[in-house]
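Here the structure is laid out as structure tokens; the discussion comes afterwards.
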Amino acid sequence: MYKDKPFELSNSSGHISLDFINTANFHGHVNHQEWLQSELDVIEWANFIGLSVESNTRSTLSLTELIQLREAMYRITFHAVNQTIADKEDMRVLNKWIKKAQEQVEILLRQDGVFSKQLTMSDGLTKVAFTVVLSFSELIMSDLFQKVKQCNSDRCEWFFIDHTKNKSKQWCTMKICGNREKAKRFYQSSRKEKGRI
Ligand SMILES: [Zn+2]
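Counted from 1, the sequence shown has number 142 at position 142 by the UniProt record's numbering; the numbering is strictly sequential.
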């Protein structure tokens, strides 16, 4: 566990854009938990998920702007999971970012004849924003988006992709939420049992 952080980072959602949304918990509520408390935290998160970002370059993007993007992505996903319609303003923010990010995309042809896509800039926070927003745009346009769920624990609202055949995955991770919730349910059912005696 990181000192002064509300929770441990996880990259287990199944998608980089969801991992990014999961850098907070209880979005917009009074008990909002924030992992990205400084620009350095963003660089640390990028390194954690394997995104190469230069930490010594001054970013033209503020942490507040990056968080605003993430919160729009959270609300859009939340509405999709609950089969309700996302706000137009959030869609406007998303599309603004997609346009900006796409201007920086280039396709490279490697020596072995394989094409690869990359961003032409490496400016810290902006690269993170462009990477996650392009990844998010691919996710929401794909069939995979139908499999996105929100953790069933009342102490967590992380998103994840449910790859199980019978759509049975309930918690973001068994290690973090699954074990805690199972223990809670066992405790509650054993109390009920005792109550009957
Ligand atoms: Zn969870």
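Beta carbons: idealized from backbone N, C-alpha and C, even for Gly.
Quantities reported herein were computed from a predicted structural model and do not represent experimental measurements.
How should Arg-70 be labelled, buried or exposed, when 16 other C-beta atoms within 10 angstroms of its C-beta is the threshold for buried? Locating residue 70 in the sequence shown gives position 70, counting from the first residue. Looking at its Cβ environment, which holds 16 or more other Cβ atoms inside 10 Å, Arg-70 is buried.
Exposed or buried, which one is Asn-22 when buried takes at least 16 other CB atoms within 10 Å? Residue numbering aside, residue 22 sits at position 22 when the sequence shown is read from its first letter. Burial is judged here by how many other beta carbons sit within 10 angstroms of a residue's own beta carbon; Asn-22 has at least 16 and is buried.
May I ask you to check if the CB of Trp-35 is nearer than 6 Å to at least one heavy atom of ligand 1? Walking along the sequence shown from the start, residue 35 turns up at place 35. Answer for Trp-35: no, Cβ out of range of ligand 1.
Pick helix, strand or coil for Ser-25, following the three-state DSSP scheme. Numbered from its first residue, the sequence shown carries residue 25 at position 25. Looking at the sequence provided, one finds Asn at residue 25 rather than Ser. In this structure, Asn-25 counts as strand in the three-state DSSP scheme.
Starting from Gln-104, follow the beta strand (DSSP E) in both directions and report where the run begins and ends. Taking the sequence shown and counting its residues from 1, one reaches residue 104 at position 104. Annotation: Gln-104 is outside any beta strand (DSSP E) and is labelled neither H nor E by DSSP.
Would you say Ser-13 touches ligand 2, meaning its beta carbon is less than 6 Å from a heavy atom? Ligand 2 is absent from the structure shown, which contains only ligand 1.
Any heavy atom of ligand 1 nearer than 6 Å to the CB - residues listed: Those satisfying the condition are, in chain order, Cys-151, Ser-153, Cys-156, Trp-158, Trp-171, Cys-172, Ile-176 and Cys-177.
So, with DSSP's three-state summary, where would you put Ile-43? Here residue 43 corresponds to residue number 43 of the sequence shown, with the count starting at 1. In the structure shown, Ile-43 adopts helical secondary structure according to DSSP, grouped into three states.
Contact the region 126-142 vs the region 46-66: 3+ CB pairs below 8 Å: Result yes; three or more Cβ-Cβ pairs closer than 8 Å.
Is the beta carbon of Leu-18 closer than 7 Å to that of Phe-159? The residue labelled residue 159 in the question sits at position 159 within the sequence shown. The residue labelled residue 18 in the question sits at position 18 within the sequence shown. Against a cut-off of 7 Å, the Cβ pair of Leu-18 and Phe-159 comes out as a contact.
If you measure between the beta carbons of Val-81 and Val-148, is that distance less than 7 Å? Residue 81 sits at position 81 when you count from the first residue of the sequence shown. Residue 148 sits at position 148 when you count from the first residue of the sequence shown. In contact: Val-81 and Val-148 (Cβ atoms closer than 7 Å).
Using DSSP with H/G/I as helix, E/B as strand and the rest coil, what is Leu-51? As a position in the sequence shown, residue 51 is number 51, starting the count at 1. If DSSP states are grouped into helix, strand and coil, Leu-51 belongs with coil.
7 Å Cβ cutoff met for Leu-66 and Leu-119: The residue labelled residue 66 in the question sits at position 66 within the sequence shown. The residue labelled residue 119 in the question sits at position 119 within the sequence shown. Result no, Cβ atoms of Leu-66 and Leu-119 do not sit closer than 7 Å.
For Thr-37, three-class secondary structure by DSSP: Mapped onto the sequence shown, residue 37 falls at position 37. Per the sequence shown, residue 37 should be read as Gln rather than Thr. In the structure shown, Gln-37 sits in coil (DSSP, three-state: anything other than H, G, I, E or B).
For the beta strand (DSSP E) containing Ser-116, name the first residue and the last one. In the sequence shown, the residue the question calls residue 116 occupies position 116. 115-119 is the extent of the beta strand (DSSP E) around Ser-116.
So, helix, strand or coil for Val-148, using DSSP? If you number the sequence shown from 1, residue 148 lands on position 148. Here DSSP, grouped into helix, strand and coil, assigns Val-148 to strand.
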